[in-house]
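Trainee:
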Amino acid sequence: MNELHPIIYEGLEETIYYKKLPNGLEVYIHPKKDFHKTVATFTTKYGSIDNKFSPEGKDYFVQFPDGIAHFLEHKMFECEKWDAFHKFAEQGAFVNAFTGFTRTAYTLSATSRIKENLTTLLDFVQEPYFTDETVEKEKGIIEQEIKMYDDNPDWRARFGVLDNLYKSHPVKIDLAGTIPSIQQITKEDLYTCYNTFYHPSNMLLFVIGPVVPEEILRLVRSNQEQKEFPETKKIRRFFPEEGAAVNKSSSVIKLPVPIPKVFIGYKESFPIKQGQEILKYELSLNVLLELMFGSGSEAYEKMYENGYVDKSFNFEYTHEKNFGFSIIGGNSYSPEDVIKIISETIEKFKKDSINQDDAERVINKEIGAFLSAINSPQFIANQFTRYRFNDLDLFDVLPTLESLTASDLEDVLHVHFSDDSRTTLIVKDK
Amino acid sequence: MEDIHISSEELNGVHLHLYNTNKFKTVSIMLTMKSPLQESLITARALIPHILNGGSIHYPNRKLIQQKLDKLYGATLLLDVQKKGEDHSIVFRMEIPADKFLDDSASLLKSSLELLHEIVYNPLIENGGFHSVIVEQEKRSLKQRIDSIHNEKMLYANVRLLEEMYKGEPYQIPAFGRKEDINSLDAIAIYQAYENMLQTDRFDLFIVGAFNEDQVKLMVQNIFCEQHNNEFMKGFSSAGVTVNDIKVIEDKMDVKQGILLLGYRISSTIQDEDYEAARVANAIFGRFPSSKLFRNIREKESLAYFSHSQMESNKGLLIAMAGIDFIHYERVVEMIREQERAMKQGEFTDAEVEQGKGMLINLLLEAHDSPVGIMDIFIQSVDSGLSIDIHDQIQRISKISKADVICTAKKWELDSIYFLNREE
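Chains W and S supply the protein sequences, listed in that same order.
With the first letter of the first sequence counted as 1, position 133 gets the number 615 in the numbering used here; the numbers rise by one all the way through.
With the first letter of the second sequence counted as 1, position 311 gets the number 321 in the numbering used here; the numbers rise by one all the way through.
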């Protein structure tokens, strides 16, 4: 009985098998016969921004303490009679987890005993076990994690930029919360969040490695059939009205830094975009940033030669369904000069038309970077899930990149880089 | 199982290592130049790859080199310097898409090797030295890089520990050099270090991916045509140094979290018989989340978020570390030492030994799934002189017994305790 639906990516010589189980869980299996390891990610569409929602059975919204999704991720590893870290160690596997803005992922990596390990992954994520005592105990550990981030000026600066950009959207809140906010978290809160977001219908399992798809599916299905889940309910999340304008157009923060830092951020004014449109937009922006500020650009060369920036200079772009932002910057003894050159570069690009040869050079570079990234099974598992949660397909990146033209870049240039949605942040030594 | 072919041979004095496999979407190239650590040369050597990347005869500035790389389908070129035991390595790493995923790339590998050769062998020269403008830019950039390690608290603590622990040895200097050396270096002095590198360093070229082996050998022979007759010299060795008193070092900084490092001299390097036993010991002690340090300091006592240990396989060095509240300094030092004692007295089970071995074998197999992992395995095999065959490697780990682990752990000697404390 061939129940698996194959998705074939001819150019890349990859095939992925798909099945949605009756309880709503989406299962993707990606056989990689030459590899030794199998990586599995079990991900819920629940991250730090989902901090206000209507809990099961309630018709009103409840606000939860900052950092609760991350706290929940920590607490999942402990089950009533066993502990995931140790069980995986006994079975020779590595396990890890991370919490992002929009999702929480649990990752298994193993080269042997794949079926046992996969079962353990499904079981520990589907067995919530919280007591007052274990919740209290975890606060000490997370407190140290928060302090570790506090001592990282780049991390602080990133959330400084997000705080400047956003008035009320929860993307501005630090992923791990704060020391006071995690003190408020109770086991009841954790169960509420768990029950709302860890339902199989809100989750995705991705398995990649030297596996036989039918065998993996059989195992996952029989594991899921042994467990009972309540009926699927629609999750109602609350996001405040944000608007296009920034919270603060500039700020200076003082941190113990040996070299000052400067960052320029742009907020996506109208981030709600659907499917394929997001992909094209996101890739165009990545290409554009590389074209304007990458290591082969005039602006970078000028800033580097004048000593305005050093090799820490960087840029990023993030786009999810209801928020998006770009951040450009790094260490600098001349923050004002960097701000000036970046603004001028953007203005210049807006005025002149983009040269097709330049665009192609950078598109080639992005194609190379993508092919390099998909050497890694972890990257595929992780990003495939992220794209699926946005109704996209990771492997469409390649054809979409190949199809981009200079005029696509010009379109996003004018939409994204508007003065109203810009902020600057300078980090100075205390 | 996978269809691979591995070979190593010397061509014009360059050690060429090929790993031919279809499993990656890219071809990875790495060129390393290794010399014994010499205090007087480290900083100059740290500048060399960046100066070379700043301009060559045919691509006279950084932007033109970068644009050439971009055109080669975004070939990435990463530059690095590393300290491995008593050696210093300059590393150039390139990655390009495998030909079959591109329409128009018949000779992408060849063009990439040519560019790499151009950057390394055809630098911009003036008046018997490197181009002074590029040199000044890179001196400034390195100074900023060294200053910025204050931002990376773990790295800072590590650098400071090694500086104190190996005072008087070349190993005390970080691979990226010292700020105080930068000013005294000029375009000519650095160029001399470069010539010295060409004459005396050991050159290794690693290529991992899908290619025609015979063609690649011919390409390398033609492109890297300079004849190297380098006799690699062995440098300083601190083996046999005994620890008298435990050094205690405290730095103060404006930090929220204290960073504690315990530096052990373990006298087992990759060239020693008990190297695998030491790795298993470290696996039980602190390497993994199932290890003693994580279990006791994080899980039992909630004193840390990170608490683990790592070995420097070429130096006979083991560092145990934890990020803790300032007030728990004494308690956590005591706890780490307690676990060290437990290791030496064999207070662990056979099951823990098997688990540690299992995790290490898992790591080894995983390494074969990434180009970087494979190049690392090549390097280890060069360093150890042992077979690169995966079955032999597994065999070396599998045969370790509990008695072997105790025996190696008994040689661990605590040398220094480093604490990054807050300012009062």
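Don't be surprised by glycine CBs; every beta carbon is placed ideally from N, CA and C.
Everything numeric in this text was worked out from a predicted model, so none of it was measured.
#1: Since W/M558 meets chain S, which of its residues come closer than 8 Å, beta carbon to beta carbon?
#2: Let me know if W/H518 comes out buried or exposed under the rule of 16 or more other beta-carbons within 10 Å of its beta-carbon.
#3: One question on the structure: do S/I52 and S/I200 come within less than 8 Å of each other, judged by their Cβ atoms?
#4: Applying the 10 Å Cβ sphere with the 16-neighbour rule, what's the burial state of W/E848?
#5: Using a Cβ cut-off of 7 Å, which residues of the stretch 134–151 of chain S contact any Cβ in chain W, in chain order?
#6: Does the beta-carbon of W/F543 have 16 or more other beta-carbons within 10 angstroms, so that it is buried, or is it exposed?
#7: Listing by chain order, which chain S residues have their CB less than 7 Å from the CB of W/G778?
#8: Looking at chain S, is there any beta carbon in it that lies within less than 8 Å of the beta carbon of W/P635?
#9: In chain W, which residues lie with their C-beta within 8 Å of the C-beta of S/M385?
#10: Beta carbons nearer than 9 Å to chain S: which residues of the stretch 866–881 of chain W have them?
#11: When we look at the beta-carbon of W/C675 and count the other beta-carbons within 10 Å, is it buried (16 or more) or exposed?
#12: May I ask you to list, following chain order, the residues of the stretch 291–324 of chain S that have a beta carbon less than 9 Å from some beta carbon of chain W?
#13: Taking W/V744 as the query, report the chain S residues whose CB atoms sit under 7 Å from its CB, ordered along the chain.
#14: Using alpha carbons as the reference points, say which of W/I823, W/Q708, W/N846, W/P738 lies closest to W/L503.
#15: Against chain W, with Cβ distances strictly below 8 Å, would S/N372 count as a contact?
#16: Would you please verify whether the beta carbon of S/E357 is less than 8 Å from any beta carbon of chain W?
#17: S/Q281 versus chain W: which residues are under 9 Å apart at the beta carbon?
#18: Compile a chain-ordered list of the residues in the stretch 846–859 of chain W whose CB is closer than 8 Å to at least one CB of chain S.
#19: Out of W/Y500, W/S777, W/K569, W/Q706, point me to the one whose CA is closest to W/I795's CA.
#20: Note down, in chain order, all residues in the stretch 24–37 of chain S with a beta-carbon under 8 Å from any beta-carbon belonging to chain W.
#21: Go through its chain and collect everything with a Cβ distance to W/N646's Cβ below 7 Å, but skip five positions before and after it.
#22: If we ignore side chains and look at the alpha-carbon of each, how far apart do S/E179 and W/E618 end up?
#23: Within 10 angstroms of its Cβ, does S/G395 collect 16 or more other Cβ (buried), or is it exposed?
#24: Restricting to Cα atoms, I'd like to know which of W/V897, W/L886, W/D878, W/V894 is closest to W/E492.
#25: Residues of the stretch 256–277 of chain S with a CB closer than 8 Å to any CB of chain W: list them in chain order, please.
#26: Following the continuous beta strand (DSSP E) through S/E105, name the residue where it begins and the one where it ends.
#27: How far does the beta strand (DSSP E) with S/A332 in it reach, from first residue to last?
#28: Sort out for me which residues DSSP pairs W/N578 with in a bridge.
#29: Can you check whether the C-beta of S/L375 is within less than 8 Å of a C-beta belonging to chain W?
#30: Taking buried to mean at least 16 other C-beta atoms within 10 Å of its own C-beta, is W/A915 buried or exposed?
#31: So, under 8 Å CB-CB, W/E750 and W/G806 are touching, yes? Tell me the CB distance rounded to an integer number of Å.
#32: Hey, how far is the Cα of W/T613 from the Cα of W/G659?
#33: So W/G622 is in the alpha helix (DSSP H); what residue range does that whole segment cover?
#34: Within the continuous beta strand (DSSP E) that includes W/L686, where are the two ends?
#35: What's the C-alpha gap between S/D3 and S/N324?
#36: Quick check on DSSP: helix, strand or coil for W/E802?
Mentor: Taking the geometry as given:
#1: On the first sequence, position 76 is the one that residue 558 of chain W refers to. Those do not exist, as W/M558 stays about 14 Å from chain S at its closest Cβ, beyond 8 Å.
#2: As a working mapping, residue 518 of chain W is identified with position 36 in the first sequence. That one is buried.
#3: To locate residue 52 of chain S, count along the second sequence from 1; it is residue 42. To locate residue 200 of chain S, count along the second sequence from 1; it is residue 190. The answer is no: Cβ separation not under 8 Å.
#4: Here residue 848 of chain W refers to the residue found at position 366 when the first sequence is read from its first residue. So W/E848 ends up on the buried side.
#5: Q147, R150, S151
#6: Here residue 543 of chain W corresponds to residue number 61 of the first sequence, with the count starting at 1. Its Cβ having fewer than 16 others within 10 Å, W/F543 is exposed.
#7: Mapped onto the first sequence, residue 778 of chain W falls at position 296. Neighbours of W/G778 on chain S, chain order: K73, Q76, Q77, D80.
#8: As a position in the first sequence, residue 635 of chain W is number 153, starting the count at 1. Yes, W/P635 counts as interfacial toward chain S.
#9: By 1-based counting over the second sequence, the position of residue 385 of chain S is 375. Within 8 Å Cβ-Cβ: nothing; S/M385 doesn't reach chain W, min ~13 Å.
#10: L880
#11: Along the first sequence, one-based indexing puts residue 675 of chain W at 193. Buried is the call here.
#12: F298, P299, S300, S301, F304, R305, R308, E309, E311, S312, L313, A314, Y315, F316
#13: Stepping through the first sequence from its first residue, residue 744 of chain W is reached at position 262. By Cβ distance, chain S contributes nothing, its closest Cβ being about 14 Å from W/V744, past 7 Å.
#14: Stepping through the first sequence from its first residue, residue 503 of chain W is reached at position 21. The closest CA to that of W/L503, considering only W/I823, W/Q708, W/N846, W/P738, is found on W/Q708.
#15: On the second sequence, position 362 is the one that residue 372 of chain S refers to. Closer than 8 Å: yes.
#16: Residue mapping note: residue 357 of chain S aligns to position 347 of the second sequence, counting from 1. Closer than 8 Å: no.
#17: Along the second sequence, one-based indexing puts residue 281 of chain S at 271. Within chain W, no residue comes near S/Q281; the closest Cβ sits about 27 Å away, beyond 9 Å.
#18: N846, K847, E848, I849, G850, A851, L853, S854, I856, N857, S858, P859
#19: The residue you call residue 795 of chain W lines up with position 313 of the first sequence. Note on residue identity: the sequence assigns Phe, not Ile, to residue 795 of chain W. The residue with the shortest Cα to Cα distance from W/F795 is W/S777.
#20: T31, N32, K33, F34, K35, T36
#21: In the first sequence, residue 646 of chain W corresponds to position 164, counting from 1. Taken in chain order, the residues that qualify are V728, N729, K730, S733, G747, T905, L907.
#22: Start at 1 with the first residue of the second sequence, and residue 179 of chain S comes out as number 169. Start at 1 with the first residue of the first sequence, and residue 618 of chain W comes out as number 136. Spanning the two alpha carbons is a distance of roughly 47 Å.
#23: On the second sequence, position 385 is the one that residue 395 of chain S refers to. The residue in question, S/G395, is exposed, as its Cβ has fewer than 16 Cβ neighbours within 10 Å.
#24: Within the first sequence, the letter at position 10 stands for residue 492 of chain W. Comparing Cα positions, the closest option is W/D878.
#25: M263, D264, V265, K266, Q267
#26: For the purposes of this step, residue 105 of chain S is taken as the residue at position 95 of the second sequence. Where S/E105 is concerned, the enclosing beta strand (DSSP E) stretches over 97–107.
#27: As a working note, residue 332 of chain S is residue 322 in the second sequence. From DSSP, the beta strand (DSSP E) with S/A332 extends over 327–334.
#28: Reading the first sequence from its first residue, position 96 is the one you call residue 578 of chain W. The partner list for W/N578 (beta bridge, DSSP) reads W/T589.
#29: Numbered from 1 along the second sequence, position 365 holds the residue referred to as residue 375 of chain S. So, interface residue.
#30: Any question about residue 915 of chain W goes unanswered here, given that chain W covers just 483 to 912.
#31: Your numbering for residue 750 of chain W matches position 268 in the first sequence. Your numbering for residue 806 of chain W matches position 324 in the first sequence. Yes, they are in contact, since the Cβ atoms of W/E750 and W/G806 sit about 3 Å apart, within 8 Å.
#32: Walking along the first sequence from the start, residue 613 of chain W turns up at place 131. Walking along the first sequence from the start, residue 659 of chain W turns up at place 177. C-alpha separation (whole angstroms): 21 Å.
#33: Mapped onto the first sequence, residue 622 of chain W falls at position 140. Looking at the DSSP string, the run of the alpha helix (DSSP H) that includes W/G622 is 614–632.
#34: Residue mapping note: residue 686 of chain W aligns to position 204 of the first sequence, counting from 1. According to the DSSP assignment, W/L686 belongs to the beta strand (DSSP E) that extends over 685–691.
#35: Residue 3 of chain S is absent from the structure shown; chain S starts at 11 and stops at 434.
#36: Your numbering for residue 802 of chain W matches position 320 in the first sequence. The answer is strand: DSSP assigns W/E802 an E or B state.
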